[in-house]
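For the sequence shown, the UniProt record's numbering assigns the number 1 to the initial residue and increments by one for each residue that follows.
Comments concern the structure below.
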Amino acid sequence: MSINILVAELKTTRLELRAYKVGDEFLLFQEYCGDVEASKYLQRQVHTTVSQTQQMLQKWALSYWQQPSEGFSWVIAERKSHLAIGLLTIIQQQNNSLEIHFGLGPRFQGQGYMLEAMKAVI
């Protein structure tokens with residue numbers, strides 16, 4: 001069963017949750033995916049190249065928006081600047097529950113961004 005019915009751009013006071021746009025990979029690599037501290041609790045390893053981040057984004061935050069799938073990611077961007085600051089991923093499990101993965105670059109943590117993003121999704 002696909003969860004693409006959930007796919008939509010969402011906007012909050014300070015954020016926009018959206019599909020991947022070319023160029024997001026650079027800031028997300030610098031601020032989040034390539035940051036050892038930001039990646040230490042994730043299942044994936046820290047990215048060592050921008051192309052690793054780009055490949056992940058093309059799979060989860062672009063192609064899964066365009067076809068039925070078991071999961072997808074929103075790029076979390078600041079609404080004012082449109083700059084990517086993190087990711088929020090939803091994966092459907094076999095028991096029809098949803099698994100949520102999320103992360104922000106350390107520079108953006110502790111400001112209530114993820115709470116704001118999760119409220120928009122839920």
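C-beta: ideal position from N, C-alpha, C; glycine also.
In this text, all values refer to a predicted model and were calculated from it rather than measured experimentally.
{"Query": "N-terminal and C-terminal residue of the beta strand (DSSP E) that Q92 is part of", "Result": "A84 to Q92"}
{"Query": "Any alpha helix (DSSP H) of 4 or more consecutive residues that is wholly inside the segment 19–48", "Result": "24–28 and 36–39"}
{"Query": "Classification of G105 by the beta-carbon crowding that lies within 10 angstroms, buried from 16 upward", "Result": "buried"}
{"Query": "Nearest candidate by alpha-carbon position, reference T13, set I122, K80 and F108", "Result": "K80"}
{"Query": "Where the alpha helix (DSSP H) through A117 begins and ends", "Result": "Y113 to V121"}
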